[in-house]
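Here's the structure we're looking at; comments come further down.
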Amino acid sequence: MADLSTKISTLRLKNPTLLASGIMDEDAGSMQRMSTCGAGAIVTKSIGMQPKEGYANPTILELEFGLLNAMGLPNPGIDLYGQEMKTLQKSKIPLIGSIFGANAKEFVTLATKMEQYGAAAVELNVSCPHAKRYGLEVGNDTSLLHTIVSSIKKKIHIPVFVKISPNVTNIVEIAQAAEKGKADAIVAINTVKGMKIDLETAQPILSNKTGGYSGKAIKPIGIRCVYDIAQSINIPVIGVGGITTGEDAIEYFMAGASAVQIGSAVYYRGPDVFKYICKEINVWMDKHGYKKIAELTGVAYQ
Amino acid sequence: MNIPTITTILTTTKEATDIKTITFRYPKTTTPGQFFMIWIPGVDEIPMSVSKITKDVKGITFRKIGEATDALYDLKPENKIGIRGPYGNGFTLAGKHPLFVGGGTGIAMLAPAVEQARNRKLKSTIIIGVKTKKELFFEDRLRRCGATVFVTTDDGSKGYKGFASSLAKDILKKEKIDAMFTCGPEPMMKTLHSFCKAIPFQASLERYMKCSIGICGQCCIGKGLRVCLDGPIFDGKTLQKIEDFGVYKRDAAGRKIPF
Chain A
1 MADLSTKIST LRLKNPTLLA SGIMDEDAGS MQRMSTCGAG AIVTKSIGMQ PKEGYANPTI
61 LELEFGLLNA MGLPNPGIDL YGQEMKTLQK SKIPLIGSIF GANAKEFVTL ATKMEQYGAA
121 AVELNVSCPH AKRYGLEVGN DTSLLHTIVS SIKKKIHIPV FVKISPNVTN IVEIAQAAEK
181 GKADAIVAIN TVKGMKIDLE TAQPILSNKT GGYSGKAIKP IGIRCVYDIA QSINIPVIGV
241 GGITTGEDAI EYFMAGASAV QIGSAVYYRG PDVFKYICKE INVWMDKHGY KKIAELTGVA
301 YQ
Chain B
1 MNIPTITTIL TTTKEATDIK TITFRYPKTT TPGQFFMIWI PGVDEIPMSV SKITKDVKGI
61 TFRKIGEATD ALYDLKPENK IGIRGPYGNG FTLAGKHPLF VGGGTGIAML APAVEQARNR
121 KLKSTIIIGV KTKKELFFED RLRRCGATVF VTTDDGSKGY KGFASSLAKD ILKKEKIDAM
181 FTCGPEPMMK TLHSFCKAIP FQASLERYMK CSIGICGQCC IGKGLRVCLD GPIFDGKTLQ
241 KIEDFGVYKR DAAGRKIPF
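Respectively, the protein sequence lines represent chains A and B.
So in our numbering, spot 265 of the first sequence is number 265, and the numbers just go up one at a time.
So in our numbering, spot 70 of the second sequence is number 70, and the numbers just go up one at a time.
Written out as structure tokens, the structure reads:
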């Protein structure tokens, strides 16, 4: 049996599979269920300053090779979300508080509250492809990103992860800006901006028209991004994008990831997907003589 | 692929004040208790339980209560809507003498289950509970199933004056009811649940839904049970462990809203 434990900055994880933000993580009960399904850590829904209802439906479409969504960052707001986090304080599972804001001040407030609520780390969502004023509009500006990350790092003691977008000209520059701001890890990638048009009504189906594409189809994009980023920075990378099987996770480790996040595969294989993927990683590592995740990280470019 | 299938509305029928049934061609196999996501292009997409099932044609019955249902109400035959589904688990009929209790528009989705019970030659009793007789519908359709039908109105304008749950309590004492199926206001269903410790009980729950395919978490209750995928029908044993049942739901932002 290989050792599946991994370390991201000061955060120790029993296994390298994290629940990605936005999937079954808006309330305490859902996060409890996902932790019993074997996730090594849970990333919360992205939480902002105020309650936000998100976009009207349709908000998610299952296409041939992936899911297209434009939820619009629905969340109850940081103050109410504290109740959900507190319910989970007794559980041993690390919670990573995902947050989004329009400027450094908002991000600092959100990160400070997440730390108070007992989060083991925070993840900055600076990469949502479909939220006006938030997400990608923040994450595509290297100097603003640097300011946000460094302001947060001055105020909190838990690790700060930065989730970045592939919808940019140069993802490596963005990762480097986050590293310069003293980020503890990079999470790559968020969804890929896309659209689906209905032929009969001749209109985009998502109410927001554009959305973020996830699932199997985007795995090669994520692998390429992780491969490029991991070689250019000295902090860990958490790989995300289309991971459905243990071998998908292995591929991300080889590209340079120290852990992975899983989202759409909860739809493809059910909530127990974390158990399945850990087992598959284990079988593959045993068969190929690897004992630790760290032995695999970045072997594709070393 | 799970994108809305565009279909043409075949019929629209006014059932009662502000309540309509629309039917459309949709040949996918559907079980009583399951629901569709109904896309009204340019307006919204909302979950609607099936209220009429034939091989090729399905129907939904709804009350005008907001932007989406107002738009749906105004649609005419030949207009187009998009359908995804059916989703969810549906009822699993049990017992030989079931009691069906529908509150308000909840009766709409119970009707196909009553018809299924008739096909299986079960002896059904039904309570249709409405505020006032102007909101009553499906009474004749359910009587045609050979079921014993009771009507309750809050204002006494027809049938038994009072709550459907009060009449249900009386019927449970007098008759040998051996299973209960219900859809309606959650506090009513919670009361009914408390009467059914010893017999099978199934209730159809309603929550704000977004993805309808079990990933976004919007409709979760208890310890992560997804109303869209693990439900919308939950049995008595499961409901026993769901602390939110009959207590609160959540709005589109995930805030708790007490019943």
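The C-beta atom is built at its ideal place from N, Cα and C for all residues, glycine as well.
In this structure, the straight-line span from the alpha carbon of A:N69 to that of B:I40 is close to 18 Å. DSSP places A:E123 inside the beta strand (DSSP E), whose first and last residues are 121 to 125.
Interface criterion met: the Cβ of B:N2 is under 8 Å from a Cβ in chain A.
B:M1 carries a coil assignment under DSSP once its states are collapsed to helix, strand and coil. Beta bridge pairing from DSSP links A:V187 with A:K163, A:I238. Per DSSP, the continuous alpha helix (DSSP H) segment holding B:L110 begins and ends at 106 to 119. Remark: C-beta atoms of A:G263 and A:G22 approach each other more closely than 8 Å.
Taking a Cβ-Cβ threshold of 9 Å, the residues of chain B close to A:Y267 are C211, I213, G214, I215, in chain order.
Beyond the five residues adjoining it in sequence on each side, A:S30 comes within less than 6 Å, by CB distance, of M24 in the same chain, given in chain order. Taking 8 Å as the cut-off, the Cβ atoms of B:A108 and B:S51 count as close.
For A:R12, none of the residues of chain B pass the 8 Å Cβ criterion, the least Cβ distance being about 25 Å. Under the three-state reduction of DSSP, A:A249 is assigned to helix. For A:A41, the enclosing beta strand (DSSP E) has its first and last residue at 41 to 43. No Cβ of chain B is located within less than 8 Å of the beta carbon of A:G97. For B:E243, the number of other beta carbons within 10 angstroms of its own is below 16, and it is reported as exposed. An exposed status is given to A:S143, since fewer than 16 other beta-carbon atoms sit within 10 Å of its beta-carbon. It is roughly 12 Å from the alpha-carbon of B:A68 to the alpha-carbon of B:M37.
Contacts with chain B at 8 Å (Cβ-Cβ) include A:L63. Interface residue (Cβ-Cβ distance to chain A less than 8 Å): B:C228 is not classified as such. Counting along the chain, A:T147 sits inside the alpha helix (DSSP H) bounded by residues 142 to 155.
Not a single C-beta of chain A is nearer than 8 Å to the C-beta of B:G95.
Boundaries of the beta strand (DSSP E) around A:N69: 67 to 69. Beta-bridge partners of A:N75 (DSSP): A:K52. Look at B:P41: its C-beta is under 8 Å from a C-beta on chain A. From the beta-carbon of A:L80, the residues of chain B found nearer than 9 Å are A253, G254, R255, K256.
Using a CB distance below 8 Å, the part of the stretch 195 to 226 of chain A facing chain B consists of K196, D198, E200, T201, Q203, I205, S207, ordered along the chain. DSSP, reduced to helix, strand and coil, places B:G254 outside both helices and strands of the structure shown, so it counts as coil. CA-to-CA, the gap between A:P159 and A:I148 works out to about 14 Å. Distance from the CA atom of A:L73 to the CA atom of B:G184, rounded to whole angstroms, is 31 Å. Rounded to whole angstroms, the Cβ separation of A:N125 and A:F161 is 10 Å, and the two are not in contact under 8 Å. In its chain, beyond the 5 residues on either side, L10, T23, F24, R25, Y26 have a beta carbon closer than 8 Å to the beta carbon of B:V57. Taking C-beta atoms as the reference points, B:G85 and B:F35 count as a pair closer than 8 Å. Runs of the beta strand (DSSP E) lying entirely within the stretch 167 to 201 of chain B, each at least 3 residues long, are 179 to 183 in chain order. Looking at A:I293, A:P236, A:D272, A:V192, the one whose alpha-carbon comes closest to that of A:D3 is A:I293. Distance from the CA of A:G77 to the CA of B:S49, rounded to the nearest whole angstrom, comes to 31 Å. When 8 Å is used as the limit between beta carbons, B:I46 is near these residues of chain A: N57, in chain order.
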